[in-house]
Amino acid sequence: MTLLMRLSWRGILERERERERERERERERERERERERERERESKKERERESERERERGRERERKRERERERERERERERERERERCEIEKFPVKQSSGIPITTI
Numbered sequence: 001m002t003l004l005m006r007l008s009w010r011g012i013l014e015r016e017r018e019r020e021r022e023r024e025r026e027r028e029r030e031r032e033r034e035r036e037r038e039r040e041r042e043s044k045k046e047r048e049r050e051s052e053r054e055r056e057r058g059r060e061r062e063r064k065r066e067r068e069r070e071r072e073r074e075r076e077r078e079r080e081r082e083r084e085r086c087e088i089e090k091f092p093v094k095q096s097s098g099i100p101i102t103t104i
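With the first letter of the sequence shown counted as 1, position 23 gets the number 23 in the numbering used here; the numbers rise by one all the way through.
Given below as structure tokens:
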């Protein structure tokens with residue numbers, strides 16, 4: 001093989017190696033883009049999960065407030081029953097007529 005042919009062959013091989021290195025760099029860039037997309041998807045899922053947890057905490061706070069309001073209503077009903085009981089004890093009513101005993 002002549003020197004010129006060998007140099008030409010080396011040039012061809014070198015260009016082919018360079019193209020292969022460039023293809024490998026492109027594949028690596030594509031893998032990096034895919035990793036970035038995956039990180040974005042995971043980040044979005046995590047934000048959605050956090051958002052759902054926050055909504056659930058809000059619903060739980062609302063249920064807690066509703067339970068507290070119900071307890072307060074029950075305490076108010078109990079106080080009302082107690083007031084009525086005290087009124088009845090102060091002014092007993094004759095059962096048959098509904099007229100206070102003190103007026104009979």
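Every residue gets a Cβ at the ideal spot worked out from N, C-alpha and C, and that includes glycine. Since the model is a prediction, treat every value here as computed from it, not as a measurement.
Excluding the 5 residues flanking Glu70 on each side, which residues of the same chain have their C-beta closer than 7 Å to its C-beta?
The residue labelled residue 70 in the question sits at position 70 within the sequence shown. Cβ neighbours of Glu70 beyond the five flanking positions: none.
How big is the Cα-Cα spacing for Arg35 and Arg27?
Working through the sequence shown from its first residue, we reach residue 35 at position 35. Working through the sequence shown from its first residue, we reach residue 27 at position 27. If I take the Cα positions, the gap works out to 12 Å.
For Arg75 and Glu42, I'd like the C-alpha separation in whole angstroms.
Taking the sequence shown and counting its residues from 1, the one referred to as residue 75 is at position 75. Taking the sequence shown and counting its residues from 1, the one referred to as residue 42 is at position 42. Looking at the two C-alpha atoms, the distance is approximately 49 Å.
What does the alpha-carbon distance come out to for the pair Arg61 and Lys45?
Residue 61 sits at position 61 when you count from the first residue of the sequence shown. Residue 45 sits at position 45 when you count from the first residue of the sequence shown. Each residue's alpha carbon lies about 24 Å from the other.
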